[in-house]
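**Q** Handing you a structure now.
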Ligand code: ATP
Ligand code: MG
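As structure tokens, then:
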């Protein structure tokens, strides 16, 4: 039995902070000039549109999984700075009704200027990269060796394949790394690329030891204007931002089953609902998706979702 309320939109009575942005999944509240309350809803998007109903616990799983990575990654990647501050709510009077809704699904982060690229790193050739490769033997216009097999690792290691950060309602466009230089500026482009590759590589190895192949991942970075440092922001290495494949069923040569939204995407495609706004997922798709998010969380953190809920009650 599941009695957890599913949160698809946030608006709190007598809330002390202003909502400054609504993403597809997260709502951002302004705590002060330098601090945001980053709230993950239970909304789920596929093919760039949001479903009508949500997935129980999804916002909390994304939040606590990201927090796990924000703790682990700086021990694996030298000089990594992140936007993470705390899972605690800000001290100012938050009504208890709001506090109980925000529990587990919010974190305070440093408010930064976000670089206008999605810093994607691909370790394995799949998805849009595989499609492009089959047509032109390139990935994001980067020439690739002949004879690559679907879902196999890139032979010379992970590659940096940025995309634009599209406005709401539009699709991100895959671009060549040289175009990212134009978007973020000569000064920061190399640092962003190096960090993205280093973070992906460290996380890929960490996850592989725990039974998950991270095929690719998308990062965002911000600028700390005081220190001129490039900072890892947003969510990190979750099933929403990455392709997770179960290691024990991994086999190159075909499309891979995954922990991420492939399950939902397949249901949408086979029912002719791909790209349609506000589709309501049936109960079994919701359950199946919830299980996938919990599986990924358990493998990566070593904690069952039930134990986390019991701990944080
Ligand atoms: P998608 O991830 O599918 O592209 P989205 O971009 O619409 O969805 P969400 O992930 O729902 O957005 O919300 C997060 C938003 O917050 C993004 O626009 C992201 O750029 C922004 N953001 C992340 N970290 C910070 C930060 N430290 N300071 C300011 N903005 C941030
Ligand atoms: Mg996002």
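Numbering (full-length UniProt numbering), first residue to last: 3 to 315.
By construction, the Cβ of each residue, glycine as well, lies at the ideal position given by its N, Cα and C atoms.
#1: For residue 4, count the other beta carbons within 10 Å of its own beta carbon; 16 or more makes it buried, fewer makes it exposed. Which is it?
#2: So for residue 242, helix, strand or coil by DSSP?
#3: Would DSSP call residue 3 helix, strand or coil?
#4: Can we count residue 29 as close to the ligand MG, meaning its CB is less than 7 Å from some heavy atom?
#5: Within 10 angstroms of its Cβ, does residue 251 collect 16 or more other Cβ (buried), or is it exposed?
#6: When you measure from the CB of residue 25 to every non-hydrogen atom of the ligand MG, does any distance come out below 7 Å?
#7: By DSSP, does residue 284 sit in helix, in strand, or in coil?
#8: Residue 91 by DSSP, collapsed to three states: which one?
#9: Using 8 Å for Cβ pairs, my map puts residue 268 next to residue 244. What's the rounded Cβ distance?
#10: When DSSP labels each residue in this structure, what does residue 1 get in the three-state scheme?
#11: On the three-state DSSP scale, how would you describe residue 201?
#12: For the ligand MG, I want to know if residue 259 counts as a neighbour, meaning its beta carbon is within less than 7 Å of at least one of the ligand's heavy atoms.
#13: Nearest-angstrom Cα distance between residue 280 and residue 55?
#14: Can you tell me where the alpha helix (DSSP H) with residue 219 in it begins and where it stops?
#15: On the DSSP letters alone, give me the boundaries of the alpha helix (DSSP H) that residue 265 sits inside.
#16: What three-state label does DSSP hand residue 40 in the structure shown?
**A** On the basis of the supplied data:
#1: At residue 4 the pLDDT is 47, less than 50, meaning the model places this residue with poor confidence and gives no usable figure here.
#2: Residue state, collapsed to three classes: coil.
#3: The pLDDT assigned to residue 3 is 40, lower than 50, so where the model puts this residue is not dependable, and the model offers no usable value.
#4: No, the beta carbon of residue 29 sits no closer than 7 Å to any heavy atom of the ligand MG.
#5: By the 10 Å Cβ count, residue 251 comes out exposed.
#6: Checking every heavy atom of the ligand MG against the Cβ of residue 25, one is found closer than 7 Å.
#7: Shown here, residue 284 sits in coil according to DSSP, grouped into three states, outside any helix or strand.
#8: For residue 91, the secondary structure class from DSSP, reduced to helix, strand or coil, is coil.
#9: Not really, about 18 Å apart at Cβ, beyond 8 Å.
#10: Here the chain has residues from 3 to 315 only, and residue 1 is not among them.
#11: Residue state for residue 201 is assigned as helix, using DSSP reduced to three classes.
#12: Remark: the C-beta of residue 259 is outside contact range of the ligand MG, defined as less than 7 Å to any heavy atom.
#13: Residue 280 and residue 55: Cα-Cα distance of roughly 8 Å.
#14: Run containing residue 219: none in the alpha helix (DSSP H); it sits in the beta strand (DSSP E), 214-226.
#15: Start and end: 264-272.
#16: Note: residue 40 maps to strand in three-state DSSP.
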